[in-house]
Amino acid sequence: MIFLTSVDRQKTTEEGKGLGPWVDNEDIVLSESPFDRKEAHQAAQCVQGMTEERSGELAQILNDIHGLEHSERYWSIVLNQSVQRLISMSYERLAIVRHAAAQSKSGSRFLMLEEDSFRPPVSLRSTAQFVSGSDRFNWQLFSQCVESEGLTHTEVQHEFDEDTSQFTITSREKRGFQRFFDHSNFGLRSRVAHSGLRISSRLSKLRFLIGSRGRAWEIRQFPIYLEGPRFFKDVDRERRSLIGRVNWETEDRALQELLRRCLAHHLPAIFVERFGRLRREVLALIERNGVPDIILTGPMVGQAPFRTWVAECVRRGSTLFGIQHGSGYGDVPEDAREAQERRVADKFLTWGWERREKDHPLPVPRFAGTSSKPFQTNKRNGVLWVTSGQTFYGSYKYPLWLRWHQMGATGFGVDHSSRVACYQALNESIRANTTIRYKGSDPNVAATVERVFGSDNISSKGTLLEQAENAELVLVDHYPSTSFYELLNAQVPVILVDDIPDWYLDGAATDVLWDLLECGILHTTPESASALVNDIYPNVEEWWDQSERQSILKRARYHLARGAEAPMQEYAAFINQHLD
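Residue numbering for the sequence shown follows numbering that gives the first Met the number 0, starting at 0 and increasing by one per position.
Printed below as a string of structure tokens:
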């Protein structure tokens, strides 16, 4: 019997899932992720620390490979999270293999690839595409896990013929090296080049451009493109053997061997075999256009060509400003992307955190132009239950790859039991007067929502605030949730229910969630949320308007929408301050 794990592929037969048309379904034992939400978070923190500790050693190896003498910061900008994500995926798959091996029967074997069958991905973009849809890429990772564990296995070799179905990814990308120039790309020739700045509309972009006196241009399409087939065939084994010398200090010998092999095999070719050509393209671009005084980038913005251009500009005197782009509004811990951006940037622009030396607080762009005045109450009636279609797609297969707050297979309502318990615990008269709202227009999601709630009063029409204006009370059953933020900012009576663990709350940069928990707006169990709704409905306004609760809400709104009246003007003022 062959033991593998599901890579979240579509069902190949009515009997079950398969890893591809070349694998017999009967020979597969499926295994779910062995991490729960907290364990995945701890693992991610461990991987982040290991990566940062070894970044100097890896930078020196890459300098030796390419004949350069660049700093650790240079290579950290270029690599971005490539190394951390590869290690994260390997770390998780090793746990899956160990879990499967513990369940295996006597005489079972693992099927793995021969060493010569391994091919690195071309770029980080290819890696991202492979992680959910490439059997070959996952087989390479799982093979290394099996090898590092010393499990009984059978080696198999395939030629990976593009005309067959075996380990073949049908690529619609254009082959070979390509380069094109966007002549409207003024960002490269301006004093301020920004990419990834969260600007919600063309009007906001215009305000930012005017406010910076025409000196801040957006980079829309980076003019260097190096791609091709997703797997790189002409592997330089000698260079990659040097990468495998990185000393991962861990007491787990199998993990240490796995990380060494994984980095040597799977570090994208754009950083090894193709980096010389990429750097020549970037230097030619800088020769033509010069470098900007300031570069603003958000986490994960751009692929290797863009990040290499940023690194070369920084070497020539450009100031790099990182920009918060995600992780809530300062009410949840920063994720690995923000941590990486802060580490390499000269200053980090944030609309949530103010705890570190590099942080520079700026207004929250999300709520610019939105009303923070209470709605009229004379037409309110019933309860609006806001759910999310995203919670209806099962557990996350690769938690260490995703943002940390999505990690793990557990969470409120993943199996809908907590959601159903909360809804069914409401008084019958309240349920009869409750409208279920979900995001989007997918009929499959609508059918699932109807099945879970057992209600035909379901709607996705109109905006959230339009529906909330007509409701006596709004209940949001998922977190993180922009809907919840918007309702708080608009002073709509709202309750949030989700099983947010204490370690999650403790990691937040502000006390918003703790305050909401204290004043009865946040509930971590379905029982407490339903009991409150039954108690205060329909006299919701009396409960909502209590002075102590309003005082806490005022403080929460300040943290979530600080200075949101004119964020682009403040962004522009910050830029002018560093140019004048």
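C-beta atoms are modelled at their ideal positions from N, C-alpha and C, and glycine is treated no differently.
Since the structure is predicted, the reported quantities are computational estimates derived from the model, not experimental observations.
Using the three-state DSSP reduction, which class does residue i fall into: helix, strand or coil?
i: THR409; result: Here THR409 scores only 39 on pLDDT, less than 50, and its place in the model should not be relied on; the value that follows carries that caveat. Here THR409 sits in coil by DSSP.
i: PRO582; result: Only positions 0 to 579 of the chain appear in the structure, and residue 582 is not among them; the question remains open.
i: HIS522; result: strand
i: THR163; result: Interpretation of THR163 is limited by its pLDDT of 39, a score under 50 that renders its predicted location unreliable; the figure taken from the coordinates is listed afterwards. In this structure, THR163 counts as coil in the three-state DSSP scheme.
i: TRP513; result: helix
i: ASP441; result: coil
i: HIS359; result: strand
i: VAL145; result: helix
i: THR481; result: helix
i: VAL290; result: coil
i: LEU67; result: coil
i: VAL493; result: strand
i: ILE457; result: strand
i: SER587; result: Any question about residue 587 goes unanswered here, given that the chain covers just 0 to 579.
i: HIS415; result: coil
i: SER54; result: helix
i: SER87; result: helix
i: ILE499; result: coil
i: THR447; result: helix
i: SER131; result: Because SER131 carries a pLDDT of 49, less than 50, the predicted location of this residue cannot be relied on, and the following value inherits that uncertainty. Helix, per DSSP.
i: ALA101; result: helix
i: THR307; result: helix
i: SER189; result: coil
i: ALA571; result: helix
i: ALA467; result: helix
i: LEU140; result: helix
i: ALA43; result: helix
i: LEU150; result: coil
i: ARG315; result: coil
i: ASN488; result: helix
i: GLU38; result: helix
i: ASP505; result: helix
i: ASN62; result: helix
Assuming residue i contacts residue j (C-beta within less than 8 Å), just tell me the rounded distance between them.
i: ARG84; j: PHE141; result: Not really, about 17 Å apart at Cβ, beyond 8 Å.
i: ARG188; j: ILE60; result: That belief does not hold up - the Cβ atoms of ARG188 and ILE60 are roughly 35 Å apart, past 8 Å.
i: ARG273; j: LEU241; result: Actually they do not touch by this definition, with Cβ atoms about 16 Å apart.
i: TRP384; j: LEU474; result: 5 Å
i: SER54; j: SER75; result: 6 Å
i: ARG118; j: PHE231; result: 6 Å
i: GLY210; j: MET567; result: 6 Å
i: ALA420; j: PRO525; result: 4 Å
i: GLY195; j: THR296; result: 5 Å
i: VAL602; j: ASP476; result: In this structure the chain extends from 0 to 579, so residue 602 is not present and cannot be described.
Taking the DSSP output, what are the residues bridged to residue i?
i: VAL385; result: ARG436 and VAL475
i: LYS346; result: PHE320
i: ILE429; result: Looking at the DSSP assignment, ILE429 forms no beta bridge with any residue, so it has no partner.
i: THR296; result: SER194 and GLY321
Kindly examine the ligand ADP and report whether one of its heavy atoms sits closer than 8 Å to the Cβ of residue i.
i: THR318; result: No copy of the ligand ADP appears in this structure; indeed no ligand is present at all.
Is the CB of residue i under 9 Å away from at least one CB in chain C?
i: ASP497; result: Absent from the structure: chain C. Only one protein chain is present.
Evaluate the contact criterion for the segment 280-292 versus the segment 249-264: three or more CB pairs, one atom per stretch, below 8 Å. no
Whole beta strand (DSSP E) runs in the segment 202-272 with 3 or more residues, listed along the chain? 215-217
In the segment 525-555, which residue ranges form an unbroken alpha helix (DSSP H) of at least 4 residues, counting only runs that do not cross its ends? 525-535 and 539-543
State whether the segment 452-462 contacts the segment 482-492, with contact taken as three or more CB pairs (one from each stretch) at a distance under 8 Å. no
Counting pairs of Cβ atoms below 8 Å between the segment 428-443 and the segment 456-469, do you hit three or more? yes
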